[in-house]
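Student: Numbering (our numbering), first residue to last: 16 to 600.
The beta-carbon is built from N, C-alpha and C at its ideal position, and this holds for glycine as well.
1. Can you tell which of 333, 324, 473 has the C-alpha that lies nearest to the C-alpha of residue 304?
2. Can you give the beta carbon distance from residue 415 to residue 291, rounded, assuming they're within the 8 angstroms contact cut?
3. Among 369, 361, 397, which has the Cα closest to the Cα of residue 380?
4. When DSSP labels each residue in this structure, what does residue 112 get in the three-state scheme?
5. Just confirm the distance between the C-beta atoms of residue 105 and residue 65, as a whole number of angstroms; I'd bet it's less than 8 angstroms.
6. Per DSSP, what are the beta-bridge partners of residue 363 in this structure?
7. Do residue 338 and residue 402 have their beta-carbon atoms positioned less than 8 angstroms apart in this structure?
8. Hey, how far is the Cα of residue 347 from the Cα of residue 355?
9. What are the partner residues of residue 511, as DSSP defines its beta bridges?
10. Any chance you could list the alpha helix (DSSP H) runs of at least 4 consecutive residues sitting entirely within the region 463 to 520, in chain order?
11. Could you say if the region 257 to 274 and the region 178 to 197 meet the contact criterion of at least three C-beta pairs nearer than 8 angstroms?
12. Assign residue 54 to one of three DSSP states: helix, strand, or coil.
13. With a threshold of 6 angstroms on Cβ separation, who are the neighbours of residue 278 within its own chain once the five nearest residues in sequence on each side are excluded?
14. What is the DSSP secondary structure of residue 81, counted as helix, strand or coil?
15. Taking just the CA atoms, how far does residue 220 sit from residue 532?
16. By how many angstroms is the C-alpha of residue 47 removed from the C-alpha of residue 34?
17. Tell me which same chain residues have a C-beta within less than 7 angstroms of the C-beta of residue 223, skipping the five on either side of it?
18. List, from N- to C-terminal side, the alpha helix (DSSP H) runs of 4 residues or more that fit wholly inside the region 529 to 594.
19. To which residues of the same chain is residue 28 closer than 6 angstroms at the C-beta, ignoring the five residues directly before and after it?
20. Out of 283, 488, 331, 151, state which residue places its alpha-carbon closest to the alpha-carbon of residue 458.
21. Using a Cβ-Cβ cut-off of 7 angstroms (strictly less than) and excluding sequence neighbours within five positions of residue 96, which residues of its own chain qualify?
22. Using a threshold of 8 angstroms, state whether the C-beta atoms of residue 327 and residue 410 are closer than that.
23. Alpha carbons only, please: which of 31, 301, 453, 127 is nearest the one belonging to residue 514?
24. Please report the distance separating the alpha-carbon of residue 247 from that of residue 213.
25. Between 71, 117, 116, which has its C-alpha nearest residue 109's C-alpha?
26. What are the boundary residues of the beta strand (DSSP E) that residue 346 is part of?
27. If I follow the unbroken alpha helix (DSSP H) through residue 321, where does it start and stop?
28. Between the Cα of residue 119 and the Cα atoms of 107, 276, 134, 198, which residue gives the shortest distance?
29. I'd like to know if the region 361 to 379 and the region 467 to 484 are in contact, where contact means that at least 3 CB-CB pairs between them fall below 8 angstroms.
30. Would residue 102 and residue 57 qualify as a contact pair, given that the criterion is a beta-carbon distance under 8 angstroms?
31. Can you tell me the Cα-Cα spacing of residue 307 and residue 257, whole angstroms?
32. So, is residue 25 buried or exposed, given that buried needs 16 or more other C-beta atoms within 10 angstroms?
33. Measuring straight from C-alpha to C-alpha, what distance separates residue 192 and residue 431?
34. Can you confirm whether the region 163 to 175 touches the region 478 to 491 when touching is taken to mean that 3 or more C-beta pairs between the two stretches lie within less than 8 angstroms?
35. Is the beta carbon of residue 204 closer than 8 angstroms to that of residue 226?
36. Assuming contact is defined by CB atoms lying nearer than 8 angstroms, are residue 121 and residue 141 in contact in what I supplied?
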């Protein structure tokens, strides 16, 4: 892949895989491939031994070729290849290893089922597109290391075998042979260790760390994933955010030639109000408009019910020039929002606004009444040719359903105003309510509130945190916060979460101990490396940028993991396996 016209008449030795073999009337052409690219080899009949070898070669054979580089004849130059102006006249061809017929063609444009690709991942990774993604990932990690090294951060490894901690997902447990009946946990993040490194005086830490979460999978989730973990002492959130923003801006500029403007900083409350999401895709210009006050008095209970419920929400989403959306497509969108708990999807097409309610096309206008319908149109700034979608339910359902619809419409109608739209979401609440009426930490229980312990205990549901998330194109790239460095504040947070002193001491005694011995103010952030590379390479899934990923059921198709363990090994671990009982209907 590196040869060019400057090497003409040089003798070279090339090693690689045969990407394609072509027999053109007595002359054999081999496209030889390695991770750097493809070179064309020409084998003439006058080199009898090599020609006979070339006749036996098939796709994916591993070969060595010795020969002379020459310019391609006029009219045969391939401008789509970096090596397209030259070829190698093969004088010696040696088969280093034969290959069975590949399970699928290795051309980039061939569509292959994902399970097949994962089963033969060692073949899938030979495809130039996949190799390029791994190469780009390597560039990203190198760039990040160099940047953080230049900012005085120290690369420190933290343990993989640790103890279970409540961080929002199930732990992967590892049984201990030497401590029968006890278990290690694989880390969901190095959170507590990096905080203790701050107590230790490391001052500025980073690590490209493997993390593990036993949770349901999506396109951007894996049971094991890679995190760019960062922590810093004696720093405030603005300074830390500025350093991280500088790193991301410079990386996109240097690796992708993309120039970012300064990132917008959006309070969490504003993000939820306008977009129904704490990771808004700002490429899409659509925004929510609250209309609960307008529909609260109407007899239409579908709207007035949530409008008069303190936990309800009624929003309108105006889509300019969207009246051309068909009823069939509206039905598709209705089914789509039902995934998020929405019971339906109300809509109004704006045909002739000057005719009042008569110019509005919708089955709900008669229930709203002309006055309210027109008040809604005025508030939205609606124009002829628009369509308006409505969400009316509990606020959580409305935010998720109409927020997802907003993203779906942006994609389907190509409403994007730019290719990249980064921002920070800040001023998160400390807690959110659980289904049983309790409270849980929105980020994690080590996030510092933006108030005193007394104020926090008096009104925990109103407290804001010193947390921040970096968002790009509707994807959370990374999240972090200023941490709690005071033992009294940490115990207060634990109490609010229902973790009493005895339990806190049992689970987090080592952290509480560390806070007693001069813990500096500190904060940090963790980026999802897989998500970051997925976005930068415009891939559809993080599985495309991980060398050996798990499938959607958290299994490795390549190695058939997880697998059954024999009884001897289980006995050494003091474990017996109970077969699951089938549930009765």
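Tutor: On the basis of the data shown:
1. Taking each of 333, 324, 473 in turn and checking the Cα distance to residue 304, the smallest one comes out for 333.
2. Contact between residue 415 and residue 291 holds, since their C-beta atoms are separated by about 7 angstroms, short of 8 angstroms.
3. Residue 380 has its Cα closest to that of 361, out of 369, 361, 397.
4. The three-state secondary structure of residue 112, taken from DSSP, is strand.
5. The pair is a contact, with the Cβ atoms about 6 angstroms apart (cut-off 8 angstroms).
6. Per DSSP, 403.
7. Their beta carbons are under 8 angstroms apart, which means residue 402 touches residue 338 by this criterion.
8. Cα-Cα distance, rounded: 14 angstroms.
9. DSSP lists no partner for residue 511.
10. Runs of the alpha helix (DSSP H) spanning 4 or more residues and lying entirely within the region 463 to 520 occur at 468 to 473, 502 to 511, in chain order.
11. The answer is no - the region 178 to 197 does not touch the region 257 to 274, with fewer than three Cβ pairs under 8 angstroms.
12. Reduced to three states, the DSSP call for residue 54 is strand.
13. Excluding positions up to five away in sequence, the list reads 260, 437, 438, 439.
14. Here residue 81 carries a strand assignment [DSSP, helix/strand/coil].
15. The alpha-carbon atoms of residue 532 and residue 220 are separated by roughly 19 angstroms.
16. Taking the straight line from one Cα to the other gives about 6 angstroms.
17. Cβ neighbours of residue 223 within its own chain (closer than 7 angstroms, five residues either side excluded): 156, 241, 243, 544.
18. Restricting attention to alpha helix (DSSP H) runs no shorter than 4 residues, the region 529 to 594 encloses them at 544 to 551, 582 to 587, ordered along the chain.
19. Around residue 28: 81.
20. Closest in C-alpha terms to residue 458, from the list 283, 488, 331, 151, comes 283.
21. For residue 96, where only same-chain residues beyond five positions count, the Cβ hits under 7 angstroms are 53.
22. One thing to note: residue 327 has its Cβ within 8 angstroms of the Cβ of residue 410.
23. Of the listed residues, the one whose Cα sits closest to residue 514 is 453.
24. Computed Cα separation, rounded: 7 angstroms.
25. Here the closest residue by C-alpha is 71.
26. Where residue 346 is concerned, there is no enclosing beta strand (DSSP E), although the alpha helix (DSSP H) around it starts and stops at 342 to 353.
27. Looking at the DSSP string, the run of the alpha helix (DSSP H) that includes residue 321 is 316 to 322.
28. Taking the Cα of residue 119 as reference, the smallest distance to any Cα among 107, 276, 134, 198 is reached at 134.
29. No contact exists between the region 361 to 379 and the region 467 to 484.
30. Closer than 8 angstroms, so yes.
31. Distance between the alpha carbons of residue 307 and residue 257: 38 angstroms.
32. By the 10 Å Cβ count, residue 25 comes out exposed.
33. As the crow flies, the alpha-carbon of residue 192 is around 55 angstroms from that of residue 431.
34. With contact defined as three or more Cβ pairs closer than 8 angstroms, the region 478 to 491 and the region 163 to 175 are not in contact.
35. Yes. Within cutoff.
36. Taking C-beta atoms as the reference points, residue 121 and residue 141 count as a pair closer than 8 angstroms.
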